[in-house]
Amino acid sequence: MPAPLVDLAPVRTALAAGELVLTPNQRLARGIEQTWGQELAAAGTLVWERPRVYALEHWCERNWQELRDAAFGPALAGTVASAAVETRLWARVIAAHPDQVAGNPQGFARLARSARQLLERWDLDPARLDADGHRGAELLRAWLPAWRKAMAACALLTREQSLDVLPAGAAAGLLAREPAVHLLGFATLPPRYRRVLTSLCDRVIELRPQAADASPRLAALPDPGTEIAAAAHWARDQLLTDPQRRIGVVFPDLTANRAQVERQFRDLLAPGHGLPDAGWQPPPFNLSAGVALAELPLPRAALELLALADGPAPLGLHCALLLDPFWSDAAAELEVRTRAERHLRDLNRLAPSAGDFRHAVARAEAADENTVGRLSRRLQEAADHRRRAPARQGFAAWARHAAEHLEILGWPGSRALDSHEYQQRQHWRTLLDDFTALAVTGETPSWSEALAELRRLAADTVFQPRTPDAPLQILGVLEAAGLRFDALWVAGMSDARWPESLAPHPLLPGALQRRLAMPRAQGAHELTLARAMVAELAGAAPEVIFSYPLRDGEVALQAFAPLRALPPQSVPVPALDQPLAAVQAGAVALQQIAWGDAPPCVAAELVRGGSSLLRDQAACPFNAFALWRLGARALPEPEPGLNRAERGNLVHRALELFWRDLPDQMALLALSPAARAEHLGAAIAGALDEARPAATRAPRRTPARGRVGLSGTLARTLAGTGNTAPAVSGGGAGTGLRARTRRASHPPAHRPHRPAGG
8 MPAPLVDLAP VRTALAAGEL VLTPNQRLAR GIEQTWGQEL AAAGTLVWER
58 PRVYALEHWC ERNWQELRDA AFGPALAGTV ASAAVETRLW ARVIAAHPDQ
108 VAGNPQGFAR LARSARQLLE RWDLDPARLD ADGHRGAELL RAWLPAWRKA
158 MAACALLTRE QSLDVLPAGA AAGLLAREPA VHLLGFATLP PRYRRVLTSL
208 CDRVIELRPQ AADASPRLAA LPDPGTEIAA AAHWARDQLL TDPQRRIGVV
258 FPDLTANRAQ VERQFRDLLA PGHGLPDAGW QPPPFNLSAG VALAELPLPR
308 AALELLALAD GPAPLGLHCA LLLDPFWSDA AAELEVRTRA ERHLRDLNRL
358 APSAGDFRHA VARAEAADEN TVGRLSRRLQ EAADHRRRAP ARQGFAAWAR
408 HAAEHLEILG WPGSRALDSH EYQQRQHWRT LLDDFTALAV TGETPSWSEA
458 LAELRRLAAD TVFQPRTPDA PLQILGVLEA AGLRFDALWV AGMSDARWPE
508 SLAPHPLLPG ALQRRLAMPR AQGAHELTLA RAMVAELAGA APEVIFSYPL
558 RDGEVALQAF APLRALPPQS VPVPALDQPL AAVQAGAVAL QQIAWGDAPP
608 CVAAELVRGG SSLLRDQAAC PFNAFALWRL GARALPEPEP GLNRAERGNL
658 VHRALELFWR DLPDQMALLA LSPAARAEHL GAAIAGALDE ARPAATRAPR
708 RTPARGRVGL SGTLARTLAG TGNTAPAVSG GGAGTGLRAR TRRASHPPAH
758 RPHRPAGG
């Protein structure tokens, strides 16, 4: 079993006495509870009371719910609005306000909500905000009355307003007063939370983790990518030395770099995870950063299936749906779906409609007499279900509609879900509950508006899968607070990130934020916080390595100033190895095939082509063999109007018609501008008339647009010295070549001949 993740020394006495312990996040609270249980079990204790350890937000919510259960009047005055509901009301108010702002109301709504949250957490009344000539603050103050009115009409409160009810509930004797509360892992505490704790607890005791006896060292790596790879190799070496060691790797910007970090560590520690036949397995580490629900396979499939009923969609979305295993019976319908994709691509439409999608599937099923047509029936039933829905209805009704629509389409598929997929489905159901909660706003959106809101909710919802405990923890800086390790690597310790750069809130006066030391508003405050965090991390393990990249792109970096005096740590730059290739090489006997020239073309096999045949053969003989003799073809990609081949053929044919009655350039130069334009127009018209029956991919293109496009191309071509001769054919060795040559026809006086070399 790995070593405990938390050092209980600061809180052991409080836990034994049954006193309250609060943490800034749920991870630390769970770690304390788990470690406490392990200690008691190791001491032979069979039964014990659950320790009173909570994340601060969770503890406040428990007290609020207790007051509502006790029918305390102020707690029944309203329901706490979720972030989505509050943001929705802000967006509605901002969009309707006479003083319109340039930009997306949704973005301003998020800013307004965070500004309101800051003001209330710092015990300031937003209605009394002194704008002091600050444009952002003036906007916020102008929006506030309408937003307050909208909240009151829906009987809603903010989370911060609910905190104000807790002291009144304690004064009324409905909440038990705590003799002491112990705070562990807090860097800062907003004034409103501190006031609530003071009113509910006799003593507020702030604890600091005991620092390990460590000698931190500093490592410099060439760039951020190499730094991540070096940390991954270091963690692997630590685990190979002792698999039971508790290893920590901290990235300050883990949320932004989550995908790269996870890939590097997975490829190194579980190189076979990406193989096609490898089922999902939890990674051999815990990663604190979650991923947006909208980016996960099951929810993404659900959103795309719902978008299919919202009108034309890009071809790529339709093709992705046909390849998606999370609806209907993908395994049994593989051939039908493959044919349907080809039919869709042959339409040459950039954004096929839902009807095009259904028609392509129906055609694909009709091509196979053994197909029962289940997939096309699903799509038709879903279309009928969408057609029966009203144009506008409430969010709760749209949530039911979405669930029924997905059920008709067989989401999330017929196969059994693994643990990761099952958790995604559960989160999707919770997402629909949150979407239903928007009904409190009283709005009746259209399907398009409701789907856009559902997408926003899915993008804002963070999915954090439940995985078993692992010796290796990959964390952000805040998540690492209060934890203990046997060895710790802290990356990204450059002066570009430490301390945090200043970014005052744009809707609040800067002077106010600096005076109250609000987040990222005061340089001295941020430096103090950064020094405290670094000091805590330096004592979080007996072995600590701080690292930083020497360059980030073109920018040269230095280490955070307090770390520059640390002794250097030599870290080898990891090679760009391929762990998966090593696994496959060791598990599979590779067959080597010697290949030379392809077999010659027989008499019945005539390969026909133009200059592209010679180009492909010169570039790669095997590719040329696959393209020209085996018939390998890329799937067609839609283009607006005529595709490149059709345009090229039209230009060549128009040039051929243009020069048919002109023997040389002297004849061209003898034409007046009007005669030249007339001759050019006739050539273009002739080429278009010849090509129109074959150009089935753009049957509705008007002659005027075609003439404009071709005129520009031909004008540029004729401005040069060459013209196009009729096509010529030839070949040999089983090939038939067709080419058009360019010929030059200049009078000697027009362009003198210059021999090669001078």
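Note that my numbering has the sequence shown beginning at 8, numbered continuously upward. Even glycine gets a Cβ: it sits at the ideal position worked out from N, Cα and C.
Q: Put C326 into one of helix, strand or coil per three-state DSSP.
A: helix
Q) In the DSSP assignment, what are the bridge partners of R95? A) BP columns for R95 are empty, so no partner.
Q. Which of the three DSSP states, helix, strand or coil, is assigned to R399?
A. strand
**Q.** Cβ contact check for the stretch 456-472 and the stretch 522-535: 3 or more pairs under 8 Å
**A.** no
(Q) For a minimum of 3 consecutive residues, which ranges assigned as the beta strand (DSSP E) are wholly contained in the stretch 544-568? (A) 550-556
Q | Same chain, Cβ closer than 6 Å to A21, five either side skipped, listed in chain order | A | V28, H189
Q. Taking only runs of the alpha helix (DSSP H) that begin and end inside the stretch 452-533, which ones reach a length of at least 4 residues, in chain order?
A. 454-467, 517-522
Q: Throw me the rounded Cβ distance for the A690 and L657 pair, which I believe falls under 8 Å.
A: Contact doesn't hold; Cβ gap of about 11 Å is too wide.
**Q.** A84 in three-state terms, based on DSSP
**A.** coil
Q. For L118, which of A510, L490, L214 has the nearest alpha-carbon?
A. A510
Q) By Cβ distance below 7 Å, which residues in the same chain neighbour T709 in space, the five residues on each side in sequence not counted? A) Here the model assigns T709 a pLDDT of 39, short of 50, so the residue's position is not dependable, and the following value carries that caveat. Answer for T709: no residue qualifies.
Q: Report the three-state DSSP secondary structure of L662 (helix, strand or coil).
A: helix
Q: Name the residue from P574, E550, G192, R571 whose alpha carbon lies nearest to the alpha carbon of A221.
A: E550
Q | As assigned by DSSP and simplified to three states, the class of T262 | A | coil
Q) Is L29 helix, strand or coil when you go by DSSP? A) strand
(Q) Could you tell me which whole beta strand (DSSP E) segments of length 3 or greater appear in the stretch 190-256? (A) 211-214, 224-228
Q) Between the C-alpha atoms of R704 and L649, what's the straight-line distance to the nearest angstrom? A) Confidence is the limiting factor: at R704 the pLDDT is only 41, short of 50, which leaves the residue's position unreliable and the question unanswerable from this model.
**Q.** Beta-carbon contacts of L164 that lie in its chain and below 8 Å, excluding the five residues immediately before and after
**A.** A84, G85, T86, V87, A88, M158
**Q.** Closest Cα partner of L53 within the set R59, V60, Q45
**A.** Q45
(Q) As a quick exercise: from P289, F665, R683, L125, pick the residue whose alpha carbon is nearest that of T474. (A) P289
Q. Any chance the stretch 660-674 sits against the stretch 637-645, with 3 or more Cβ pairs inside 8 Å?
A. no
Q: Answer yes or no: do E533 and P513 have a C-beta to C-beta separation smaller than 8 Å?
A: no
Q | Under 8 Å between C-beta atoms of G255 and A337 | A | no
Q. For A367, which of A149, V379, R352, A358 has the nearest alpha-carbon?
A. R352
Q: State the beta-bridge partners of E127 as determined by DSSP.
A: Answer by DSSP bridge pairing: none, since E127 is not bridged.
(Q) DSSP three-state label for G51, please. (A) coil
Q.
Using the Cβ count rule (16 or more neighbours within 10 Å means buried), how would you classify T262?
A. exposed
Q: Go ahead and pull the three-state DSSP assignment for P320.
A: Inspection of the sequence shows that residue 320 is occupied by Ala rather than by Pro. Of the three classes helix, strand and coil, the one that applies to A320 here is coil, per DSSP.
Q. If we call anything under 8 Å between Cβ atoms a contact, is A568 one with D493?
A. no
Q: Name the residue from E685, S577, S360, F292 whose alpha carbon lies nearest to the alpha carbon of H325.
A: S360
(Q) So, does the stretch 92-99 touch the stretch 480-492, judging by three or more C-beta pairs under 8 Å? (A) no
Q.
Taking its Cβ as the centre, do 16 or more other Cβ atoms sit within 10 Å of R750, making it buried, or is it exposed?
A. Here the model assigns R750 a pLDDT of 47, short of 50, so the residue's position is not dependable, and the following value carries that caveat. Burial call: exposed.
Q) Where DSSP assigns a beta bridge to A355, which residues make up the other side? A) First, the residue type needs correcting, since residue 355 is Asn and not Ala in the sequence shown. N355 pairs with nothing; no bridge assigned.
Q. If we call anything under 8 Å between Cβ atoms a contact, is L495 one with A548?
A. yes
Q: Spell out a yes or no on whether the stretch 400-419 and the stretch 377-388 are touching, meaning 3 or more CB-CB pairs, one atom from each, closer than 8 Å.
A: yes
Q. For Q33, which of T443, K156, H65 has the nearest alpha-carbon?
A. H65
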